[in-house]
Amino acid sequence: MLNQSLNAWLASNRQDNSRLLRGEALAEALNWKAGKRLSLVDDEFLAASQELSWIEQQRYLEAERAKEVEARLAEQKKSARRLKFLLMAVGTALMVSTGLGVTTYLGYRRSAISEINAFA
1 MLNQSLNAWL
11 ASNRQDNSRL
21 LRGEALAEAL
31 NWKAGKRLSL
41 VDDEFLAASQ
51 ELSWIEQQRY
61 LEAERAKEVE
71 ARLAEQKKSA
81 RRLKFLLMAV
91 GTALMVSTGL
101 GVTTYLGYRR
111 SAISEINAFA
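If you count the sequence shown from 1, position 78 lands on 78 in the UniProt record's numbering, and the numbers rise without skipping.
Written out as structure tokens, the structure reads:
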């Protein structure tokens, strides 16, 4: 497996990253390599495989972070909509209570004036 992948990678002039080892195959190759002296080409192949694995892992982590940020942003937007609705409800209630208060006060004044006029 290692030889086939290595030969295909070399045949592509080290450009075909699809030939590099990934996942379990890379882990097995690195375990196999431990304590052995490999050729420069074998070392380059394994190093390129490790680098690609690291890059793919970073991309995955970035995508996960982006998903988390999007989820947080969606939650913040939802919270902002709720807060906006609540503020509008409180504002409306304040306007209604102010209107009722003014109406009650004007009714009281009319009543007081009528009472004064009734005794005059």
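Each residue gets a CB set at the ideal place from its N, CA and C atoms; glycine is no exception. Model, not experiment: these values are computed from the prediction.
Is residue 12 helix, strand or coil when you go by DSSP? For the purposes of this step, residue 12 is taken as residue 12 along the sequence shown, with counting starting at 1. Residue 12: coil per DSSP, three-state reduction.
Which first and last residues belong to the alpha helix (DSSP H) in which residue 81 is found? Taking the first residue of the sequence shown as position 1, residue 81 is located at position 81. 40 to 119 is the extent of the alpha helix (DSSP H) around residue 81.
Limits of the alpha helix (DSSP H) - the one that residue 33 falls within: Start at 1 with the first residue of the sequence shown, and residue 33 comes out as number 33. It spans 23 to 33 - the alpha helix (DSSP H) in which residue 33 sits, taken as one unbroken run.
So for residue 37, helix, strand or coil by DSSP? Start at 1 with the first residue of the sequence shown, and residue 37 comes out as number 37. If DSSP states are grouped into helix, strand and coil, residue 37 belongs with coil.
Let's test the definition: count the other Cβ atoms within 10 Å of the Cβ of residue 119 and tell me whether it reaches 16, buried, or not, exposed. What you label residue 119 is simply residue 119 of the sequence shown in a count that begins at 1. Residue environment for residue 119: exposed (fewer than 16 other C-beta atoms within 10 angstroms of its C-beta).
Go ahead and pull the three-state DSSP assignment for residue 20. Within the sequence shown, the letter at position 20 stands for residue 20. Coil.
Grab me the residues of residue 22's own chain with a C-beta within less than 8 Å of its C-beta, minus the 5 sequence neighbours each way, in chain order. Counted from its first residue, the sequence shown places residue 22 at position 22. Closer than 8 Å at Cβ, skipping near neighbours: 49, 52, 53 and 56.
Which residues in the same chain as residue 76 place their Cβ atom closer than 7 Å to its Cβ, once the five residues preceding and following it in sequence are excluded? Along the sequence shown, one-based indexing puts residue 76 at 76. Apart from sequence neighbours up to five positions away, no residue of its chain approaches residue 76 with a beta-carbon distance below 7 Å.
Does the region 40 to 48 come within contact of the region 64 to 78, defined as at least 3 CB pairs closer than 8 Å? They do not touch, by the three-pair rule.
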